[in-house]
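Asks:
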Amino acid sequence: MKNTVTRLSEGIWQVGAADPDCTRFHGYYIHRGTTYNAYLVRGENGKFTLIDTVRDSKASELIGNIAQITPLSQIEAIIVNHTEPDHSGALPVVLQNCSPRIYATAAAAKLLKSQYGIENAISVKAGQTETIGGREFTFYPTPMVHWPDNMVTYLAKDKLLFSNDAFGQHYAANALLDVDADYTVALAEARHYFANIVMPFRAQAKNAVDAALSLSPKTVAPSHGVVWTKHLPDIVKLYKELCDKPSASVCTLAFDSMWGGCAEEAANKEKELREQFKEVHVFDLRKDHISDVIDALSISAHLCLGSPTHYLHPTARIATLLAEIETLKPPFTTFSLFGTFGWGGGAVKCMKEKLEAFGYTAQ
Numbered sequence: 012m013k014n015t016v017t018r019l020s021e022g023i024w025q026v027g028a029a030d031p032d033c034t035r036f037h038g039y040y041i042h043r044g045t046t047y048n049a050y051l052v053r054g055e056n057g058k059f060t061l062i063d064t065v066r067d068s069k070a071s072e073l074i075g076n077i078a079q080i081t082p083l084s085q086i087e088a089i090i091v092n093h094t095e096p097d098h099s100g101a102l103p104v105v106l107q108n109c110s111p112r113i114y115a116t117a118a119a120a121k122l123l124k125s126q127y128g129i130e131n132a133i134s135v136k137a138g139q140t141e142t143i144g145g146r147e148f149t150f151y152p153t154p155m156v157h158w159p160d161n162m163v164t165y166l167a168k169d170k171l172l173f174s175n176d177a178f179g180q181h182y183a184a185n186a187l188l189d190v191d192a193d194y195t196v197a198l199a200e201a202r203h204y205f206a207n208i209v210m211p212f213r214a215q216a217k218n219a220v221d222a223a224l225s226l227s228p229k230t231v232a233p234s235h236g237v238v239w240t241k242h243l244p245d246i247v248k249l250y251k252e253l254c255d256k257p258s259a260s261v262c263t264l265a266f267d268s269m270w271g272g273c274a275e276e277a278a279n280k281e282k283e284l285r286e287q288f289k290e291v292h293v294f295d296l297r298k299d300h301i302s303d304v305i306d307a308l309s310i311s312a313h314l315c316l317g318s319p320t321h322y323l324h325p326t327a328r329i330a331t332l333l334a335e336i337e338t339l340k341p342p343f344t345t346f347s348l349f350g351t352f353g354w355g356g357g358a359v360k361c362m363k364e365k366l367e368a369f370g371y372t373a374q
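Heads up: take any position in the sequence shown, counting from 1, add 11, and you land on the working numbering.
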């Protein structure tokens, strides 16, 4: 994102920071960098409200961006939608330059105290509206999308929803708005983000989508990636699909191989799967990243998994994928397995035991 200060509408700016060289987030691989979006809202009294901040390493960029619009001393309120460090890390630096009121959920207020020693945050409740500088901000907690402290903030007059992590993407585009960026890439990155962060909380995400739609926003401004305007129906449609059951016509094939035996068998399995499924996503874990497998599993009904046996167990890459499946709970329901016979073929036995323990059914 070349210009990190972007005017969204009259008296509202994005003042956060871009991080185009970032390749890891939450331990998973991201393809196109990311942004930490923070928003500055001018009140009718000439003072300002800041919505979220950025990670601590980008604090100076946030401060510089705000200074292009107003002295930091004119910030009278800060709304903390989420206390994870990528959104709150710069908060202590901001507070060195102003003495604002801080609004957050009760859960976030506790975390602000434990993380930063901030004891004066004002706890807000669902549907509570606060008039700040003549503008009306309404707060809606969205717990477990994806932390217990999350909320979104709505400006009804502007029909603008500040959605924090919901509808976000790790995508450092050259423009802030979906109409100026490649929105198809933004949608792809939104799915990647959802799969690797939000997927365990699909039920809560569905509720958050329904709540957002009930407000009839025209603009949704997340804390990562592009802001949704014209293509808001597209991201809403994607979230609804990701929160629903996956298509029965989609499957994922993932495998590791030591000496080529499993790779050869994977090629045979792929042919078989393409006769059964309309869409088959294939991953060779010797070169493909596990986060991309998780992305595909977010829309797959079936997993076909292959591994050679390494000291009676699957390989480390397969073991890591299984750990991610246990944590992120992708919605596929059935699985099939294959492996080579070395060491008695113990990998298949181990994979079967784990996947069944996670609640999936062998086919």
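Ideal Cβ placement from N, Cα and C applies to all residues, glycine included.
1) Would you grab the beta carbon distance between D267 and L296 for me? Rounded to a whole angstrom, and I think it's under 8 Å.
2) So is Q79 buried or exposed if we call it buried at 16+ other beta carbons inside 10 Å?
3) Going by beta-carbon coordinates alone, are I336 and I310 separated by less than 9 Å?
4) Should K69 be labelled buried (16 or more other beta-carbon atoms within 10 Å of its own) or exposed?
5) Go ahead and label K280 buried or exposed: buried means 16 or more other beta carbons lie within 10 angstroms of its beta carbon, across all protein chains shown.
6) In angstroms with no decimal places, state the Cα-to-Cα distance between V104 and L339.
7) For the beta strand (DSSP E) that S174 lies in, which residues bound it at each end?
8) From the DSSP output, in three-state form, read off Q25 for me.
9) Are T149 and T140 touching if we call contact CB-CB under 9 Å?
10) Within a Cβ cutoff of 8 Å, which residues of the same chain sit near E367, ignoring the five residues on either side of it in sequence?
11) Does the segment 319-333 come close enough to the segment 257-273 that 3 or more CB-CB pairs lie under 8 Å?
12) Quick check: the Cα distance between S302 and N131, rounded to an integer number of angstroms?
13) In chain order, which beta strand (DSSP E) runs of at least 3 residues are fully inside the segment 271-317?
14) Taking 6 Å as the limit between beta carbons, can you name the residues of its chain near H98, skipping five residues before and five after?
15) Rounded to whole angstroms, what's the CA-CA distance from S11 to P111? Just pull it up for me.
16) Go to M162, then tell me how far its beta strand (DSSP E) extends in each direction, as first and last residue.
17) Where DSSP assigns a beta bridge to V105, which residues make up the other side?
18) How close, in whole Å, do the beta carbons of M180 and A201 come, if the pair is a contact with beta carbons under 8 Å?
19) Rounded to the nearest angstrom, what separates L83 and K168 at their Cα positions?
20) Roughly how many angstroms separate the alpha carbons of L253 and V247, rounded to a whole number?
21) Are C273 and G350 touching if we call contact CB-CB under 9 Å?
22) Do you know offhand how far L243's Cα is from E276's?
23) Go through its chain and collect everything with a Cβ distance to Y127's Cβ below 8 Å, but skip five positions before and after it.
24) Rounding to the nearest angstrom, what Cα-Cα distance links L224 and L284 in this structure?
25) Pull up the distance between the alpha-carbon of A222 and that of G357, whole angstroms please.
26) Distance check for Y114 and T94, CA to CA, integer angstroms please.
27) Which complete alpha helix (DSSP H) runs does the segment 65-130 hold, if anything under 4 residues is left out?
28) So, is I133 buried or exposed, given that buried needs 16 or more other C-beta atoms within 10 angstroms?
29) Which partner residues does S347 have in the DSSP bridge list?
30) In angstroms, rounded to a whole number, what distance separates the CA positions of Y40 and W158?
31) State the start and end residues of the unbroken alpha helix (DSSP H) segment that holds C254.
32) Can you say whether E286 is buried or exposed, counting buried as having 16 or more other CB atoms within 10 angstroms of its CB?
33) Would you mind sorting V91 into buried or exposed? The rule is 16 or more other CB atoms within 10 Å of its CB.
34) Have a look at I89 and P96 and give me their C-alpha separation to the nearest angstrom.
35) Spatial neighbours of N48 within its chain, please: C-beta separation below 6 Å, excluding the five flanking residues on both sides.
Replies: With the structure as the only source:
1) In the sequence shown, counting from the first residue as 1, residue 267 sits at position 256. In the sequence shown, counting from the first residue as 1, residue 296 sits at position 285. Confirmed, about 4 Å.
2) Position 68 of the sequence shown holds residue 79. Exposed is the label assigned to Q79, since fewer than 16 other Cβ atoms lie within 10 Å of its Cβ.
3) For this step, residue 336 is matched to residue 325 along the sequence shown. For this step, residue 310 is matched to residue 299 along the sequence shown. Not closer than 9 Å, so no.
4) Along the sequence shown, read from residue 1 onward, the residue named residue 69 stands at position 58. Buried, by the Cβ-count rule.
5) Position 269 of the sequence shown, counted from the first residue, corresponds to residue 280. Classification of K280: buried, given that the 10 Å Cβ count is 16 or more.
6) One-based indexing of the sequence shown puts residue 104 at position 93. One-based indexing of the sequence shown puts residue 339 at position 328. A straight-line Cα-Cα distance of about 34 Å links V104 and L339.
7) Within the sequence shown, the letter at position 163 stands for residue 174. Looking at the DSSP string, the run of the beta strand (DSSP E) that includes S174 is L171 to N175.
8) The sequence position of residue 25 within the sequence shown is 14, counting from 1. Reduced to three states, the DSSP call for Q25 is strand.
9) Here residue 149 refers to the residue found at position 138 of the sequence shown. Here residue 140 refers to the residue found at position 129 of the sequence shown. Yes.
10) Start at 1 with the first residue of the sequence shown, and residue 367 comes out as number 356. So the list reads A373, once near-sequence residues are dropped.
11) A contact exists between the segment 257-273 and the segment 319-333.
12) Here residue 302 corresponds to residue number 291 of the sequence shown, with the count starting at 1. Here residue 131 corresponds to residue number 120 of the sequence shown, with the count starting at 1. Rounded to the nearest angstrom, the two C-alpha atoms are 39 Å apart.
13) 290-295 and 313-317
14) Residue numbering aside, residue 98 sits at position 87 when the sequence shown is read from its first letter. Closer than 6 Å at Cβ, skipping near neighbours: D63 and S234.
15) Residue 11 falls outside the range modelled here, since the chain spans only 12 to 374, and no answer is possible.
16) In the sequence shown, residue 162 corresponds to position 151, counting from 1. Per DSSP, M162 belongs to the beta strand (DSSP E) from M162 to L166.
17) Taking the first residue of the sequence shown as position 1, residue 105 is located at position 94. Paired residues: none, contrary to the question.
18) The residue given as residue 180 occupies position 169 in the sequence shown. The residue given as residue 201 occupies position 190 in the sequence shown. The residue asked about is misnamed: residue 180 is Gln in this sequence, not Met. The pair is a contact, with the Cβ atoms about 4 Å apart (cut-off 8 Å).
19) Within the sequence shown, the letter at position 72 stands for residue 83. Within the sequence shown, the letter at position 157 stands for residue 168. When rounded, the distance between both Cα atoms is 25 Å.
20) Mapped onto the sequence shown, residue 253 falls at position 242. Mapped onto the sequence shown, residue 247 falls at position 236. Distance between the alpha carbons of L253 and V247 is about 10 Å.
21) Position 262 of the sequence shown, counted from the start, is the residue given in the question as residue 273. Position 339 of the sequence shown, counted from the start, is the residue given in the question as residue 350. Yes. Within cutoff.
22) Your numbering for residue 243 matches position 232 in the sequence shown. Your numbering for residue 276 matches position 265 in the sequence shown. If I take the Cα positions, the gap works out to 43 Å.
23) Indexing the sequence shown from 1 puts residue 127 at position 116. Beyond the five residues adjoining it in sequence on each side, Y127 comes within less than 8 Å, by CB distance, of S99, L102 and P103 in the same chain, given in chain order.
24) By 1-based counting over the sequence shown, the position of residue 224 is 213. By 1-based counting over the sequence shown, the position of residue 284 is 273. Straight-line Cα distance between these residues: approximately 38 Å.
25) Position 211 of the sequence shown, counted from the start, is the residue given in the question as residue 222. Position 346 of the sequence shown, counted from the start, is the residue given in the question as residue 357. Computed Cα separation, rounded: 48 Å.
26) Here residue 94 refers to the residue found at position 83 when the sequence shown is read from its first residue. Here residue 114 refers to the residue found at position 103 when the sequence shown is read from its first residue. Their Cα atoms are separated by approximately 12 Å.
27) 70-78, 96-99, 102-106 and 117-127
28) Start at 1 with the first residue of the sequence shown, and residue 133 comes out as number 122. That one is exposed.
29) Here residue 347 is taken as the residue at index 336 of the sequence shown, counted from 1. The partner list for S347 (beta bridge, DSSP) reads C315.
30) The count along the sequence shown starts at 1 and reaches residue 40 at position 29. The count along the sequence shown starts at 1 and reaches residue 158 at position 147. Within the model, the alpha-carbon separation for Y40 versus W158 is close to 20 Å.
31) For this step, residue 254 is matched to residue 243 along the sequence shown. Its alpha helix (DSSP H) spans residues L243 to C254.
32) For this step, residue 286 is matched to residue 275 along the sequence shown. Answer is exposed; the Cβ neighbour count stays below 16.
33) Indexing the sequence shown from 1 puts residue 91 at position 80. Looking at its Cβ environment, which holds 16 or more other Cβ atoms inside 10 Å, V91 is buried.
34) Locating residue 89 in the sequence shown gives position 78, counting from the first residue. Locating residue 96 in the sequence shown gives position 85, counting from the first residue. The alpha-carbon atoms of I89 and P96 are separated by roughly 15 Å.
35) Residue mapping note: residue 48 aligns to position 37 of the sequence shown, counting from 1. Around N48: Q25, G27 and S234.
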